[in-house]
Structure formats: structure tokens, C-alpha cells
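Note that this note's numbering numbers the sequence shown so that position 21 is 489, with each residue one more than the last.
This report refers to the structure that appears directly beneath it.
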Amino acid sequence: MFFLTVTILGIALVESAAIYGLIIAVQIISTPTILGVMGLGAGLGVGFAGIGAGVGEGYMVSGAFEAMYRNPAYKSKILTYMILGIALVESAAIYSLLVAFNILF
């Protein structure tokens with residue numbers, strides 16, 4: 469049951485970068501065509517940051533599962549460090565979201 473909980477948590481945290489991209493895509497669609505270059509810059513910024521964050525978080529979750537499998541006694545400590553690491557990597561995607569909002573508005 470513990471690994472199912474960690475799996476769901478890991479997937480939810482990794483998917484948040486895709487949600488940021490969706491938010492910016494909706495904002496780009498609602499802007500006039502003249503501001504297309506600004507929308508392109510905002511979309512590319514969030515897209516590249518989302519790719520980097522998603523890949524980094526995926527490696528972290530994979531490594532955490534491997535570590536939990538090898539050392540079941542340290543599951544809770546590994547989970548804590550995994551969540552902390554994901555939060556640090558996710559901050560890059562959040563910063564790109566804020567920059568994209570500054571570009572669009």
C-alpha cells in the first residue's frame with residue numbers, strides 16, 4: 469500500500485508541470501494575434517522548463533523507488549527527501565510560469 473501511495477504522489481507531482489503548460493496555452497489562445505511572438509516566447513519558456521522539470525522529477529521518483537526497494541527500513545526518510553527534491557525541481561517550472569504571466573500581461 470505504501471508504494472501505491474508513493475506512486476500516486478510521484479505521478480501527481482510530475483504532472484504539475486504539464487498543468488502549467490496548459491494554463492499558459494489557454495492564456496495564449498485568448499490573446500490577440502498581434503501578440504503572437506510574446507505568446508510564442510511564453511509558451512516555449514514554460515514548455516522547456518516543463519520538460520526539464522518532468523524529466524528531473526521522473527528520475528528522482530525512479531531513484532526513490534529503487535532506494536526504497538533496496539532499503540525498506542528507510543522508506544519514510546527516502547520519501548521525505550524525494551518530496552523535498554521534487555519541490556526544488558518544481559520551483560523552476562513555477563518560476564517559468566510566473567515569467568510567462570509577466571510576458572503575457
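From the three backbone atoms N, C-alpha and C, an ideal C-beta is built for every residue, glycine too.
Which same chain residues end up closer than 8 Å to residue i when comparing Cβ atoms and leaving out the 5 residues on each side of it in sequence?
{"i": "residue 498", "result": "none"}
{"i": "residue 558", "result": "481, 484, 485, 521, 525"}
{"i": "residue 471", "result": "533, 536"}
Measure the beta-carbon distance from residue i to residue j and round it to whole angstroms, keeping in mind my assumption that it falls under 8 Å.
{"i": "residue 531", "j": "residue 514", "result": "Wrong, their Cβ atoms sit about 26 Å apart, outside the cutoff."}
{"i": "residue 551", "j": "residue 536", "result": "Wrong, their Cβ atoms sit about 13 Å apart, outside the cutoff."}
Report buried or exposed for residue i, applying the criterion of at least 16 other Cβ atoms within 10 angstroms of its Cβ.
{"i": "residue 565", "result": "buried"}
{"i": "residue 571", "result": "buried"}
{"i": "residue 469", "result": "exposed"}
What first and last residue would you give for the alpha helix (DSSP H) that runs through residue i?
{"i": "residue 560", "result": "543-572"}
{"i": "residue 473", "result": "470-497"}
By Cβ distance, which residues of its chain are closer than 7 Å to residue i, with the 5 residues on each side in sequence left out?
{"i": "residue 554", "result": "481, 525, 528"}
{"i": "residue 568", "result": "492, 510, 513, 514"}
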